[in-house]
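Enquirer: The opening residue of the sequence shown carries number 23 in our numbering; numbering runs sequentially from there.
Here's a structure for you.
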Amino acid sequence: MKVGFFDRDGTIIEDYTDSKWSYIDNPVFFADAIRTLKEVQQRGYKIIIITNQYLINEGFISLQQYKKINKKLLSELSGQGINILDVFYCPHRRNEGCNCIKPQTGMITEAMEKYPNIKINESFMIGDSKVDIDLAINMNMRGFGIEVDSSHSNVIKLTNISDLISYI
Numbered sequence: 023m024k025v026g027f028f029d030r031d032g033t034i035i036e037d038y039t040d041s042k043w044s045y046i047d048n049p050v051f052f053a054d055a056i057r058t059l060k061e062v063q064q065r066g067y068k069i070i071i072i073t074n075q076y077l078i079n080e081g082f083i084s085l086q087q088y089k090k091i092n093k094k095l096l097s098e099l100s101g102q103g104i105n106i107l108d109v110f111y112c113p114h115r116r117n118e119g120c121n122c123i124k125p126q127t128g129m130i131t132e133a134m135e136k137y138p139n140i141k142i143n144e145s146f147m148i149g150d151s152k153v154d155i156d157l158a159i160n161m162n163m164r165g166f167g168i169e170v171d172s173s174h175s176n177v178i179k180l181t182n183i184s185d186l187i188s189y190i
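Structure below.
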């Protein structure tokens, strides 16, 4: 099974400053995100969201707030015909020393344990920050950085999420 691993905040939906997240109730989708996710799905990829949510353990949002936004996100995507296979999130503080916060490989490793038929060499990671790209590099898989530079041969810089389609 080939998988598109997608970052959430700043890639599929709007991202905010840490303190502003305390007041966010609804995900705001980027204009091309839903169309791109549909196209990725139509090209035979399963979609898994991989998201750092250090906001939880750092006290900016509660676990309930995270779950509420995620539920709305999944409901909206489902209503648009997009099936998200799974969501893996890291609630740990940035300095907590866990193995799941990106660019650590814990969330993708967990996905591979849960779904042993994932073919990592046919999969990719896309995100809007250096940690997303570094995760792709750490997993030795293709990476796509939205406005993120990298000199690594497995990584391609995109201007926006819809650019992904011409590379998969």
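By construction, the Cβ of each residue, glycine as well, lies at the ideal position given by its N, Cα and C atoms.
(1) Would residue 165 and residue 154 qualify as a contact pair, given that the criterion is a beta-carbon distance under 9 Å?
(2) For residue 155, name the three-state secondary structure that DSSP assigns.
(3) Exposed or buried, residue 53, counting other C-beta atoms within 10 Å across all chains shown (16 or more means buried)?
(4) From residue 95 to residue 173, what does the alpha carbon distance come to, in whole angstroms?
(5) Just the C-alpha distance for residue 89 and residue 78, rounded to the nearest angstrom, thanks.
(6) Got a sec, what are the start and stop residues for the beta strand (DSSP E) residue 68 sits in?
(7) What are the uninterrupted segments assigned as alpha helix (DSSP H) that are 4 or more residues long and contained completely in the stretch 120-190, given in chain order?
(8) Locate the alpha helix (DSSP H) running through residue 59, then write down its first and last residues.
(9) Report the three-state DSSP secondary structure of residue 83 (helix, strand or coil).
(10) If you follow the beta strand (DSSP E) that residue 109 is in, where does it begin and where does it stop?
(11) Determine the burial state of residue 113: buried for a count of at least 16 other Cβ atoms within 10 Å of its Cβ, exposed for fewer.
(12) Indicate the three-state DSSP secondary structure (helix, strand or coil) for residue 91 in the structure shown.
(13) The beta strand (DSSP E) spanning residue 28 covers which residue range?
(14) State the beta-bridge partners of residue 31 as determined by DSSP.
(15) Expressed to the nearest angstrom, what Euclidean distance is found between the alpha-carbon atoms of residue 139 and residue 119?
Expert: Reading from the atomic positions:
(1) The residue you call residue 165 lines up with position 143 of the sequence shown. The residue you call residue 154 lines up with position 132 of the sequence shown. Yes, the pair counts as a contact, with Cβ atoms nearer than the cut-off.
(2) For the purposes of this step, residue 155 is identified with residue 133 of the sequence shown, where counting begins at 1. Reduced to three states, the DSSP call for residue 155 is helix.
(3) Along the sequence shown, one-based indexing puts residue 53 at 31. By the neighbour-count rule (16 or more Cβ atoms within 10 Å), residue 53 is not buried but exposed.
(4) For the purposes of this step, residue 95 is taken as residue 73 along the sequence shown, with counting starting at 1. For the purposes of this step, residue 173 is taken as residue 151 along the sequence shown, with counting starting at 1. So the two alpha carbons sit approximately 33 Å from each other.
(5) In the sequence shown, the residue the question calls residue 89 occupies position 67. In the sequence shown, the residue the question calls residue 78 occupies position 56. In a straight line, the C-alpha of residue 89 is about 11 Å away from that of residue 78.
(6) Residue 68 sits at position 46 when you count from the first residue of the sequence shown. Unbroken beta strand (DSSP E) run through residue 68: 68-74.
(7) 128-136 and 152-160
(8) Along the sequence shown, one-based indexing puts residue 59 at 37. First-last of the alpha helix (DSSP H) with residue 59: 55-64.
(9) One-based indexing of the sequence shown puts residue 83 at position 61. Reduced to three states, the DSSP call for residue 83 is coil.
(10) As a position in the sequence shown, residue 109 is number 87, starting the count at 1. Residues 106-112.
(11) Your numbering for residue 113 matches position 91 in the sequence shown. Under this definition residue 113 is a buried residue.
(12) Sequence index remark: in the sequence shown, residue 91 carries index 69 (1-based). In this structure, residue 91 counts as helix in the three-state DSSP scheme.
(13) The count along the sequence shown starts at 1 and reaches residue 28 at position 6. Note, residue 28: beta strand (DSSP E), 25-28.
(14) Sequence index remark: in the sequence shown, residue 31 carries index 9 (1-based). Per DSSP, 35.
(15) Numbered from 1 along the sequence shown, position 117 holds the residue referred to as residue 139. Numbered from 1 along the sequence shown, position 97 holds the residue referred to as residue 119. Cα to Cα, the separation comes out at about 29 Å.
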